[in-house]
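Quick note: the sequence shown uses our numbering, first residue 10, plus one each step.
Ideal placement from N, C-alpha and C gives every residue a C-beta, glycine not left out.
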Amino acid sequence: MDKQNSKYRWIVFASVLLTYLLMASQRTAPGLITDQLMNDFSITATTIGFITGVQFFVYTSLQIPMGILADRFGPNFFLILGAVITGIGTIFYSVGTHEYVLFLSRILTGLGDATIWVNMMLILGQWFHKKEFVRLVGFAGMTGSLGFLLATVPFSAWIQLLGWRGAFFSLGAIVCLCGLLLYIVLIKNPKQTFIKPVVEKEQVLRERTGIIVKRIFSNRQAWALFFCHFGVVGGYVGFISSWAVPFGMDMYGMTRSEASQLIMVGLVGAILGAPLMSWIASMFDTIKKPYITVHLIVLSSWITFLLFKGYPSIWWVIILFFLIGFGYGASALTFAAVRRSFPLEESGIVSGFANTGGFLSAVLLPIFLGTILDYVQGSSGVLQNAYYYGFIIPVVFSVIGLGGMFLFREMQATD
Numbered sequence: 010m011d012k013q014n015s016k017y018r019w020i021v022f023a024s025v026l027l028t029y030l031l032m033a034s035q036r037t038a039p040g041l042i043t044d045q046l047m048n049d050f051s052i053t054a055t056t057i058g059f060i061t062g063v064q065f066f067v068y069t070s071l072q073i074p075m076g077i078l079a080d081r082f083g084p085n086f087f088l089i090l091g092a093v094i095t096g097i098g099t100i101f102y103s104v105g106t107h108e109y110v111l112f113l114s115r116i117l118t119g120l121g122d123a124t125i126w127v128n129m130m131l132i133l134g135q136w137f138h139k140k141e142f143v144r145l146v147g148f149a150g151m152t153g154s155l156g157f158l159l160a161t162v163p164f165s166a167w168i169q170l171l172g173w174r175g176a177f178f179s180l181g182a183i184v185c186l187c188g189l190l191l192y193i194v195l196i197k198n199p200k201q202t203f204i205k206p207v208v209e210k211e212q213v214l215r216e217r218t219g220i221i222v223k224r225i226f227s228n229r230q231a232w233a234l235f236f237c238h239f240g241v242v243g244g245y246v247g248f249i250s251s252w253a254v255p256f257g258m259d260m261y262g263m264t265r266s267e268a269s270q271l272i273m274v275g276l277v278g279a280i281l282g283a284p285l286m287s288w289i290a291s292m293f294d295t296i297k298k299p300y301i302t303v304h305l306i307v308l309s310s311w312i313t314f315l316l317f318k319g320y321p322s323i324w325w326v327i328i329l330f331f332l333i334g335f336g337y338g339a340s341a342l343t344f345a346a347v348r349r350s351f352p353l354e355e356s357g358i359v360s361g362f363a364n365t366g367g368f369l370s371a372v373l374l375p376i377f378l379g380t381i382l383d384y385v386q387g388s389s390g391v392l393q394n395a396y397y398y399g400f401i402i403p404v405v406f407s408v409i410g411l412g413g414m415f416l417f418r419e420m421q422a423t424d
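Quick look at the structure:
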């Protein structure tokens, strides 16, 4: 039976995306309990920043190596292993009694999370024809944003029902079960049903990998995309994963559930941003102009927080969260630019390189912001001043992203 024409491929699709949905939720879910962790473990905002940032650091550092490993050994094993590691890390998080356990658990979660995107793309490429694959990539990208959405009001309600430890433990157990599901769907059943291997892998000149990586690291276009992704991802992912909920609770007296609804506004923007900006770029056959517009919108949004001294009206906050989320969704244009600027055999490594830039900013922002909050609040005692100076960090990151976009050279498609 031909796998790319079988109905079974839709079981593969559903199983992989379900796993991605749950794993993606763990990137931001800890932000719902930042204040509880600070109280329960008597830790500072700086410590919270390091605990949050380490997950993104591990994720970021493994993007390029994971692509190389998946090409060499196949994606199934790494995706299954990643799901199990993510589940174990989440369970450790739920039972931790010391900040060091929290730190270790986020390392495990980041290690598992680092496996998902590259391997998911390879698996879908094996089971679906090229035309189907192009359409399904959009659904895969939207699933990540839906995972963030799951980590807002729904997971906040789950926390209220079970307590934060029970909520994270149960989710970790479910993710571990997803690893078992993937083993059955990707390995066990195909061996019994299909005679031919799932993949007809393209011949890869593995000995040239080092040469390609060296060339990418010295390529101006690759660095332009690195910096442009740096500018839009970190402000959104880094802020939501650590400080968005405390910001709403501290500055506006919101409940945890109300503050998580603000995050949902940003996620709606992210879900709309990817397809809309991709459609605009396709219609006008240009990536640079619409992407510069996106960067200007994100930069203006963060500057607005400064103009209101860190305390805009609640309606402004809703608008700004939506626009920042919209910019994050539109960051899919980074990978459209990669595909247009580089040959097919290099686009995977360049995509990993650009994605590294985005999540490097997600690592750095919680650390920098937490340090500023501790310092300013400790010296002045005014929380509004602390957030005001903290918002300087995403402004600087956005300027870097805009600079990367101006460095980017518009090119025609390479194939």
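When you compare each of the options to residue i by their alpha carbons, which one comes out closest?
i       : options                              : result
Leu-373 : Leu-195, Pro-284, Phe-248 and Thr-95 : Phe-248
Ile-409 : Gly-150, Leu-305 and Ala-268         : Leu-305
Asn-198 : Leu-111, Arg-36, Arg-18 and Glu-419  : Arg-18
Leu-155 : Asp-44, Ser-114, Leu-308 and Val-274 : Val-274
Tyr-109 : Leu-416, Leu-191 and Phe-50          : Phe-50
Gly-244 : Lys-16, Ile-401, Leu-78 and Ala-38   : Ile-401
Met-260 : Pro-39, Leu-378 and Gln-393          : Gln-393
Glu-267 : Cys-185, Thr-161 and Asn-228         : Thr-161
Val-63  : Val-222, Arg-36 and Ser-165          : Arg-36
Asn-48  : His-107, Gly-96, Ala-23 and Ser-15   : His-107
Val-194 : Ala-23, Met-286 and Phe-344          : Ala-23
The alpha helix (DSSP H) with residue i in it runs from where to where?
i       : result
Asn-394 : 392-399
Leu-281 : 265-293
Pro-163 : 162-192
Glu-419 : Unbroken run through Glu-419: none, as it is neither H nor E.
Thr-28  : 17-34
Ser-103 : 84-104
Tyr-109 : 108-122
Ala-233 : 229-249
Arg-311 : It is Trp, not Arg, that sits at residue 311 in the sequence shown. That run of the alpha helix (DSSP H) goes 297-316.
Asn-14  : Asn-14 -> no alpha helix (DSSP H), and no H or E assigned at all.
Ala-346 : 342-350
Hey, residue i and residue j: beta-carbon distance below 7 Å or not?
i       : j       : result
Ile-132 : Pro-84  : yes
Gly-172 : Thr-124 : no
Phe-148 : Lys-297 : no
His-138 : Gln-270 : no
Val-404 : Trp-311 : yes
For residue i, which residues in the same chain have their Cβ closer than 6 Å to its Cβ, ignoring the five residues on either side in sequence?
i       : result
Glu-209 : A caution first: Glu-209 carries a pLDDT of 45, below 50, which makes its placement in the model unreliable, though a value can still be read off. Excluding residues within five positions, none has a Cβ falling inside 6 Å.
Lys-318 : Tyr-397
Gly-181 : Gly-96, Thr-99 and Ile-100
Note down, in chain order, each residue of its chain lying with its Cβ closer than 7 Å to the Cβ of residue i, except the 5 sequence neighbours on either side.
i       : result
Thr-425 : In the structure as shown, the chain starts at 10 and stops at 424, and residue 425 therefore has no counterpart that could be examined.
Cys-7   : Since the first residue shown for the chain is 10 and the last is 424, residue 7 is missing from the structure and cannot be characterised.
Met-263 : Gly-257
Gly-366 : Phe-235, Phe-236, His-238 and Phe-239
Leu-276 : Ser-154, Phe-157, Leu-158, Thr-161 and Gly-334
Which same chain residues end up closer than 8 Å to residue i when comparing Cβ atoms and leaving out the 5 residues on each side of it in sequence?
i       : result
Thr-313 : Pro-321, Trp-325 and Leu-329
Leu-111 : Leu-46, Phe-50, Ile-60, Tyr-102 and Gly-105
Lys-301 : Residue 301 is actually Ile in this sequence, not Lys. Excluding sequence neighbours, Ile-301 sits near Leu-411, Met-414 and Phe-415.
With a cut-off of 8 Å on the beta carbons, I'd call residue i and residue j a contact; round off their distance for me.
i       : j       : result
Leu-332 : Gly-278 : 6 Å
Gly-121 : Ile-94  : 4 Å
Ile-168 : Leu-41  : 6 Å
Tyr-68  : Phe-368 : 6 Å
Quick one: is residue i near chain B, going by C-beta distance under 7 Å?
i       : result
Met-273 : Given the protein chain composition of this structure (a single chain), no chain B is represented.
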